[in-house]
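Below: the structure, in structure tokens.
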Amino acid sequence: MKPPLAVGVVGCGYWGPNLARSFNLDPRVHLVALCDRDEGRLGRVSKNYPQARAFHDFESMLDGVHLDAVVVATPVGTHHEIAKASLLAGKHVLVEKPMAANSLQCEELVRIASGTGCVLMVNHTYLYSPAVRRIAEIVHGGELGELKYINGQRLNLGLFQSDINVAWDLAPHDLSIVLLMMGELPVALNCQGNSHVNPGIEDVTNLSLTFPGQRFATIQSSWIEPRKVRQMTFVGTRKMITYDDLQPLEKIRIYDTRVECPPHYEDFAEFQYSYHYGDCYLPRIEQVEPLKVMCGHFIDCILSGDEPLSGGARGTEMVRLLEAASASLRAGGAPVAAGSAFEPAAATGTRLPAHS
Ligand SMILES: NC(=O)c1ccc[n+]([C@@H]2O[C@H](COP(=O)([O-])OP(=O)(O)OC[C@H]3O[C@@H](n4cnc5c(N)ncnc54)[C@H](O)[C@@H]3O)[C@@H](O)[C@H]2O)c1
1144 MKPPLAVGVV GCGYWGPNLA RSFNLDPRVH LVALCDRDEG RLGRVSKNYP QARAFHDFES
1204 MLDGVHLDAV VVATPVGTHH EIAKASLLAG KHVLVEKPMA ANSLQCEELV RIASGTGCVL
1264 MVNHTYLYSP AVRRIAEIVH GGELGELKYI NGQRLNLGLF QSDINVAWDL APHDLSIVLL
1324 MMGELPVALN CQGNSHVNPG IEDVTNLSLT FPGQRFATIQ SSWIEPRKVR QMTFVGTRKM
1384 ITYDDLQPLE KIRIYDTRVE CPPHYEDFAE FQYSYHYGDC YLPRIEQVEP LKVMCGHFID
1444 CILSGDEPLS GGARGTEMVR LLEAASASLR AGGAPVAAGS AFEPAAATGT RLPAHS
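Per our numbering, numbering of the sequence shown is gapless, rising by one per residue and ending at 1499.
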């Protein structure tokens, strides 16, 4: 039996404690260090992990304790600095989404990881959700016919961020799902939005993505919504799926519903759409926390040397899409070409760990 991997978590704010909890539950991991600039936060989280040494800055953590891997859960503007130092010190890195503040930073991290042979993975959490994996199976198995349209809504009150707008904060979740289902990158996108609270930081955005073959996706993100909404619709030529991530058990509904146009008609009087209303069924979804699957996949990749499902290349693609969204926002919602800027992506196909 191999000794457990020594893991340190940087960032003990809202999200970091969830990662610390998840890694601490994995028997292949020894959570040896926690780090946060904020003494109060560090103290509160450290109390739960007496075995982990507490550090106020990540350089001291890298120098002060043996680590195999570093988990970065700090604000986006700090991801590059912390991930770069960790990779250069020979540590495997899991970094929160979005991977970095711009694509140049992402590309540098990918280069360093490739040079040092370290795993570089981004937490695109929903790729590890059993519900999303099930939808991907259905879509790629052909049951929906041809997937034509995806709509996603991720709305709630806050949490307001000071360094990124709501598209950079929330849309990565929906974008990762859209790319997985479409299996390719969009050719163009446009983004409209507005700031109602902090000038210059959009708190509502509507992102539209155009894919080859007249396929389309829309993603609505908001921090100023009274309800919490996590919903998506997948429309195929034969069937449709709705996905409500807030439902504890019945997250996915598959509708045998479609609209058919008559193949030929002479005049408008003859023209009639045919609406097909068939059965609706709810597949059983495994009850596993996506975060647990994601953390397990990171450890699997370290042990096996496999490329993660959400590795550095996928994180870079995501940041390029977010940059394109920002460019469109600055141009008042004008379309921005996306496809030519990206390497071909195959966001599907990687096997998840057996224990998922
Ligand atoms: N995957 C998800 O579902 C999910 C959910 C929420 C947040 N996130 C991501 O997690 C990251 C953190 O978000 P959050 O909401 O926890 O932010 P937060 O502001 O609540 O916490 C960040 C923490 O990092 C600390 N910090 C900042 N700079 C540091 C540095 N140089 N060294 C050490 N500590 C430092 C801060 O003191 C703070 O405690 C972001 O990238 C965010 O997008 C992901």
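All residues carry an ideal CB built from backbone N, CA and C; glycine is no exception.
Discussion item. According to DSSP, simplified to helix, strand and coil, what is G1492?
Written reply: Here the question's residue 1492 lines up with position 349 in the sequence shown. The predicted position of G1492 is uncertain, since its pLDDT is 37 and thus under 50; no value can be drawn from it.
Worksheet item: When DSSP builds the beta bridges, which residues end up paired with I1384?
Response: Looking up residue 1384 in the sequence shown gives position 241. Note: I1384 sits in a beta bridge opposite F1377 and I1397.
Practice prompt. Under the assumption that R1401 contacts K1382 (Cβ atoms under 8 Å), give the Cβ distance between them as a whole number of angstroms.
Written response: Here residue 1401 refers to the residue found at position 258 when the sequence shown is read from its first residue. Here residue 1382 refers to the residue found at position 239 when the sequence shown is read from its first residue. Contact holds; Cβ gap of about 7 Å.
Discussion item. Given the structure, does D1181 come close to ligand 1, in the sense that its CB is under 6 Å from one of the ligand's heavy atoms?
Written reply: In the sequence shown, residue 1181 corresponds to position 38, counting from 1. Answer for D1181: yes, Cβ within range of ligand 1.
Discussion item. Using the Cβ count rule (16 or more neighbours within 10 Å means buried), how would you classify G1159?
Written reply: Here the question's residue 1159 lines up with position 16 in the sequence shown. Buried.
Practice prompt. In angstroms with no decimal places, state the Cα-to-Cα distance between Q1357 and F1303.
Written response: Here residue 1357 refers to the residue found at position 214 of the sequence shown. Here residue 1303 refers to the residue found at position 160 of the sequence shown. When rounded, the distance between both Cα atoms is 35 Å.
Worksheet item: If we count the other Cβ atoms within 10 Å of its Cβ and call it buried at 16 or more, is C1423 buried or exposed?
Response: Stepping through the sequence shown from its first residue, residue 1423 is reached at position 280. Exposed, by the Cβ-count rule.
Practice prompt. Look at the alpha carbon of E1250 and the alpha carbon of V1153, and state the distance between them as a whole number of angstroms.
Written response: Taking the sequence shown and counting its residues from 1, one reaches residue 1250 at position 107. Taking the sequence shown and counting its residues from 1, one reaches residue 1153 at position 10. Near 22 Å, if we compare the C-alpha coordinates of V1153 and E1250.
Fill in: Local conformation of G1356 per DSSP, three classes
Here residue 1356 corresponds to residue number 213 of the sequence shown, with the count starting at 1. Looking at G1356 - three-state DSSP - the assignment turns out to be coil, as it is neither helix nor strand.
Item to complete: Quick one: using the 10 Å Cβ neighbour count with 16 as the cut-off for buried, is R1457 buried or exposed?
Response: Here residue 1457 corresponds to residue number 314 of the sequence shown, with the count starting at 1. Flag for R1457 reads buried.
Worksheet item: How long is the line joining the alpha carbons of E1432 and A1149, rounded to whole angstroms?
Response: By one-based count along the sequence shown, residue 1432 stands at place 289. By one-based count along the sequence shown, residue 1149 stands at place 6. Those two C-alpha atoms are separated by around 22 Å.
Discussion item. If I measure Cβ to Cβ from I1428 and keep anything under 7 Å in the same chain, skipping five residues before and after, which residues do I get?
Written reply: Position 285 of the sequence shown, counting from 1, holds the residue named residue 1428. Excluding sequence neighbours, I1428 sits near P1273, A1274, R1277, K1394 and I1395.
Discussion item. Following a CB-centred definition, is N1266 positioned closer than 6 Å to any heavy atom of ligand 1?
Written reply: The count along the sequence shown starts at 1 and reaches residue 1266 at position 123. Answer for N1266: yes, Cβ within range of ligand 1.
Item to complete: Kindly confirm or deny that the segment 1252 to 1264 and the segment 1286 to 1304 touch, where touching means at least three C-beta pairs closer than 8 Å.
Response: no
Worksheet item: Beta-carbon separation of A1197 and L1210 under 7 Å?
Response: Sequence index remark: in the sequence shown, residue 1197 carries index 54 (1-based). Sequence index remark: in the sequence shown, residue 1210 carries index 67 (1-based). Taking 7 Å as the Cβ cut-off, A1197 and L1210 do not qualify as a contacting pair.
Worksheet item: What is the DSSP secondary structure of Q1304, reduced to helix, strand or coil?
Response: As a working note, residue 1304 is residue 161 in the sequence shown. Note: Q1304 maps to coil in three-state DSSP.
Fill in: Separation of D1206 from V1175, as counted between CA atoms
Counted from its first residue, the sequence shown places residue 1175 at position 32. Counted from its first residue, the sequence shown places residue 1206 at position 63. Rounded to the nearest angstrom, the two C-alpha atoms are 13 Å apart.
Worksheet item: What do you reckon, is the C-beta of F1201 under 6 Å from a heavy atom of ligand 1?
Response: Here the question's residue 1201 lines up with position 58 in the sequence shown. Checking the Cβ of F1201 against ligand 1 gives yes.
Discussion item. Taking 6 Å as the cut-off, is the C-beta of R1473 nearer than that to any heavy atom in ligand 1?
Written reply: The residue you call residue 1473 lines up with position 330 of the sequence shown. No - ligand 1 has no heavy atom lying nearer than 6 Å to the Cβ of R1473.
Worksheet item: What does a CB cutoff of less than 8 Å around H1339 pick up in its chain, not counting 5 residues either side in sequence?
Response: Taking the sequence shown and counting its residues from 1, the one referred to as residue 1339 is at position 196. Correct list, in chain order: D1346, V1347 and I1367.
Worksheet item: What is the residue span of the beta strand (DSSP E) that E1432 lies within?
Response: Locating residue 1432 in the sequence shown gives position 289, where the first residue counts as 1. Note, E1432: premise wrong, no beta strand (DSSP E); not H, not E.
Worksheet item: Under the rule that 16 or more other beta-carbon atoms within 10 Å means buried, what is A1490, buried or exposed?
Response: Here residue 1490 corresponds to residue number 347 of the sequence shown, with the count starting at 1. Reliability of the predicted coordinates at A1490 is poor, the pLDDT of 33 falling under 50, and the value obtained from them is presented with this limitation in mind. Counting Cβ neighbours within 10 Å, A1490 comes out buried, since at least 16 surround it.
Fill in: Cα-Cα separation, V1215 to L1322
Reading the sequence shown from its first residue, position 72 is the one you call residue 1215. Reading the sequence shown from its first residue, position 179 is the one you call residue 1322. Approximately 24 Å between the Cα atoms of the pair.
Worksheet item: Given that a residue counts as buried once 16 or more other Cβ atoms are within 10 Å of its Cβ, and exposed if not, what is M1144?
Response: By one-based count along the sequence shown, residue 1144 stands at place 1. Exposed, because fewer than 16 other Cβ atoms sit within 10 Å of the Cβ of M1144.
Worksheet item: Expressed to the nearest angstrom, what Euclidean distance is found between the alpha-carbon atoms of V1258 and M1264?
Response: Within the sequence shown, residue 1258 is the residue found at index 115, counting from 1. Within the sequence shown, residue 1264 is the residue found at index 121, counting from 1. Note on identity: in this sequence residue 1258 is Gly, with Val being the wrong assignment. Answer to the nearest angstrom: the Cα atoms are 15 Å apart.
Worksheet item: What are the partner residues of I1293, as DSSP defines its beta bridges?
Response: Along the sequence shown, one-based indexing puts residue 1293 at 150. Looking at the DSSP assignment, I1293 forms a beta bridge with A1360 and F1377.
Worksheet item: If you check the beta carbons only, do S1319 and E1466 fall under 7 Å apart?
Response: By one-based count along the sequence shown, residue 1319 stands at place 176. By one-based count along the sequence shown, residue 1466 stands at place 323. Against a cut-off of 7 Å, the Cβ pair of E1466 and S1319 comes out as no contact.
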